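Its first residue numbered 2, the sequence shown is counted upward by one per residue in this note's numbering. From the three backbone atoms N, C-alpha and C, an ideal C-beta is built for every residue, glycine too. Fair warning: this is a prediction, and the values are worked out from it, not measured in the lab. Structure first, commentary second.
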Amino acid sequence: MCKLYILFCVYRLKLLNFNLLEINPLLLKKTYLTTKFSKKEKSNNKLKPTNYTMHFFERVLQPPTYGWKDDSGELIKPSGAQIIKEFFSRLNIFGDKKNWLPFLSWIKILCLIPFFFIFLIYFLEWWTVLAAFVYSMIIMGTHGTIWHHRYCTHGAYTFTNKYWRFFTQNLTINVIPEEIYVVSHHVHHSLSDQPGDPYNAQAGFLYCFLADVNHQPIAKDLSEAEFSRVQQLMEHTGVKSNTYAQYQYWGSYVNPKGAILSWLLNWAFWYAAFYLIGGHALACTLFGAAGFWGVGVRTFNYEGHGKGDDKKKAGTDYNQKDNSINQLWPGFVAGEWHNNHHLYPKSARSGFKPHQVDLAWYYIKMMHTLGAVKHYKCFKKQFYAYHYLPSKSKS
Ligand SMILES: [Zn+2]
Ligand SMILES: [Zn+2]
Numbered sequence: 002m003c004k005l006y007i008l009f010c011v012y013r014l015k016l017l018n019f020n021l022l023e024i025n026p027l028l029l030k031k032t033y034l035t036t037k038f039s040k041k042e043k044s045n046n047k048l049k050p051t052n053y054t055m056h057f058f059e060r061v062l063q064p065p066t067y068g069w070k071d072d073s074g075e076l077i078k079p080s081g082a083q084i085i086k087e088f089f090s091r092l093n094i095f096g097d098k099k100n101w102l103p104f105l106s107w108i109k110i111l112c113l114i115p116f117f118f119i120f121l122i123y124f125l126e127w128w129t130v131l132a133a134f135v136y137s138m139i140i141m142g143t144h145g146t147i148w149h150h151r152y153c154t155h156g157a158y159t160f161t162n163k164y165w166r167f168f169t170q171n172l173t174i175n176v177i178p179e180e181i182y183v184v185s186h187h188v189h190h191s192l193s194d195q196p197g198d199p200y201n202a203q204a205g206f207l208y209c210f211l212a213d214v215n216h217q218p219i220a221k222d223l224s225e226a227e228f229s230r231v232q233q234l235m236e237h238t239g240v241k242s243n244t245y246a247q248y249q250y251w252g253s254y255v256n257p258k259g260a261i262l263s264w265l266l267n268w269a270f271w272y273a274a275f276y277l278i279g280g281h282a283l284a285c286t287l288f289g290a291a292g293f294w295g296v297g298v299r300t301f302n303y304e305g306h307g308k309g310d311d312k313k314k315a316g317t318d319y320n321q322k323d324n325s326i327n328q329l330w331p332g333f334v335a336g337e338w339h340n341n342h343h344l345y346p347k348s349a350r351s352g353f354k355p356h357q358v359d360l361a362w363y364y365i366k367m368m369h370t371l372g373a374v375k376h377y378k379c380f381k382k383q384f385y386a387y388h389y390l391p392s393k394s395k396s
């Protein structure tokens, strides 16, 4: 009887353990890390956490109807017509309300474009051209690096409190939804230049240019455990999460009410602020500039990975694992030294060499000096010790 009871307890424990792993994927990873495996077990790929992570990142994005890869595992390169067709079907909120987030993102772009034409027609002067250039090329781009990229996705630094986080989040006109950027960017790092990479440059310019609609939104059929993993990726951003039931209804992490309200408040604030500084001339110029950036930034993912070819140069690009390259222009205007970044994704600094200006890093460092940033990670020393100096001594 006693034996039977023990057997029953062991069985219940196993059951509980199994269920916990289902509910919390992190526990699965932790369990792996703290469990001792035999040699044979170690060789079993199924037990490796990277394998688990790959699985999640292969699942988390909504696959396009043309698919990521064919039966032999090769990247599917859709035609231009297929990409355009997919783009419009995934923007159709009447066909499926779960398309609302990429639809909202493009509505923002459409709302910004008239400002750009108003700027061109009514306010074209030397000072507005200069303001448009600085705002679209430097301020919007650098903010994308500071906020969406280094903070929201890579957690390269932390804020002292949520007010500084809110301040940094709203430092510019709001254009790109955090959720679309963050989750898919994790996938980009996990599957760089492989099938499943949401902006795989090998599939062409249009594939990358329209990726925010065709490849970046989260899947609509995530399990509760998978959705909780999405919540873990997004939690620190301060963007409020849907419940799982709300996710099943809306197909997104963020709730439409919150997204629309924060968009409208952000735009109202910035239009009023620019108007007070420089009238409608400045307000229309900078809103137009934000629209120009919102369209132009889509070219970066294609170019930052060598337009699909291996364009890495010795002495410039040290990370050999993918096609990412360091380019002067995105580096100078936005701190996007992309090859360096793939080498040390969690670094709050990507410009390591003396000429590699990194405005995003200067902001983070300044905020640290002011006490707004609590902690940051910088991998400059590791870059010199493990990559730059060894390559110098070889040559
Ligand atoms: Zn990349
Ligand atoms: Zn990144």
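C-beta contact flag for residue i and residue j at 8 Å
i, j, result
"GLY156", "LYS347", "yes"
"VAL61", "VAL255", "no"
"GLY289", "PHE134", "no"
"PRO196", "GLY297", "no"
"ALA335", "GLY145", "yes"
"ILE110", "GLY295", "yes"
"HIS369", "TYR319", "no"
"GLN159", "HIS376", "Just to set this straight, residue 159 is Thr in the shown sequence, not Gln. Yes, these two residues count as a Cβ contact at 8 Å."
"PRO178", "LEU102", "yes"
"GLY292", "ILE114", "yes"
"THR184", "LEU105", "Here the sequence assigns Val to residue 184, which means Thr is not the residue at that position. No. Outside cutoff."
"ARG151", "ALA349", "yes"
"PHE118", "THR129", "no"
"HIS343", "ASP311", "no"
Extent of the continuous beta strand (DSSP E) run through residue i
i, result
"HIS376", "374-377"
"PHE160", "158-160"
Buried or exposed (CB count within 10 angstroms, at least 16 for buried), residue i
i, result
"TYR164", "exposed"
"MET138", "buried"
"PRO79", "buried"
"SER39", "Unreliable placement is indicated for SER39, whose pLDDT of 40 sits below 50; the coordinate value is still reported in the next sentence. Exposed, by the Cβ-count rule."
"PHE333", "buried"
"MET367", "exposed"
"ASN45", "Confidence is the limiting factor: at ASN45 the pLDDT is only 36, short of 50, which leaves the residue's position unreliable, though a coordinate-based value still follows. The residue is exposed, with fewer than 16 neighbouring Cβ atoms inside 10 Å."
"PHE149", "At residue 149 the sequence reads His, which differs from the Phe that was named. So HIS149 ends up on the buried side."
"THR66", "exposed"
"ILE122", "exposed"
"PRO199", "buried"
"GLY305", "buried"
"GLN328", "buried"
"GLN203", "buried"
"ASN52", "Any reading at ASN52 needs caution, since the residue's pLDDT is 42, under 50, leaving its predicted position unreliable; the model's value is listed next. With fewer than 16 other Cβ atoms within 10 Å, it is exposed."
"HIS189", "buried"
"ASP194", "buried"
"PRO391", "exposed"
"PHE384", "buried"
"ASP359", "buried"
"CYS209", "buried"
"ALA386", "exposed"
"TRP330", "exposed"
"LYS37", "Residue confidence for LYS37 is low, a pLDDT of 40 falling below 50, so the modelled location carries little weight and cannot support an answer."
"TYR364", "buried"
"SER394", "exposed"
"LEU192", "buried"
"TRP69", "buried"
"HIS356", "exposed"
"TRP338", "buried"
For residue j and residue i, believed in contact at Cβ under 8 Å, the rounded distance
i, j, result
"TRP271", "ILE174", "5 Å"
"THR143", "ALA361", "5 Å"
"PHE88", "ASN215", "6 Å"
"SER325", "ASN302", "Actually they do not touch by this definition, with Cβ atoms about 10 Å apart."
Cβ of residue i within 8 Å of any chain C Cβ
i, result
"TRP362", "Absence of chain C from the displayed structure is noted, only one protein chain being present."
Any non-hydrogen atom of ligand 3 closer than 7 Å to residue i Cβ
i, result
"THR154", "Only ligand 1 and ligand 2 can be found as ligands here, which leaves ligand 3 out of the picture."
Extent of the continuous alpha helix (DSSP H) run through residue i
i, result
"ASP198", "Segment: none, ASP198 is in no alpha helix (DSSP H) and carries neither H nor E."
"MET368", "360-371"
"ASN243", "Per DSSP, ASN243 belongs to no alpha helix (DSSP H) and is neither H nor E."
"GLU227", "225-235"
"GLY280", "257-297"
"PHE118", "101-123"
"PRO391", "390-395"
"CYS209", "206-210"
"LYS221", "Counting along the chain, LYS221 falls outside any alpha helix (DSSP H), and DSSP gives it neither H nor E."
"ALA349", "Segment: none, ALA349 is in no alpha helix (DSSP H) and carries neither H nor E."
"ARG91", "81-92"
"GLN170", "163-170"
"PHE330", "Strictly speaking, residue 330 in this sequence is Trp, with Phe absent from that position. Residues 329-335."
"TRP127", "127-134"
"LYS78", "Taken as a continuous stretch (DSSP letters only), LYS78 belongs to no alpha helix (DSSP H), as it is neither H nor E."
"GLY305", "Segment: none, GLY305 is in no alpha helix (DSSP H) and carries neither H nor E."
"LEU344", "339-344"
"HIS190", "179-191"
"HIS144", "141-145"
"LYS382", "381-384"
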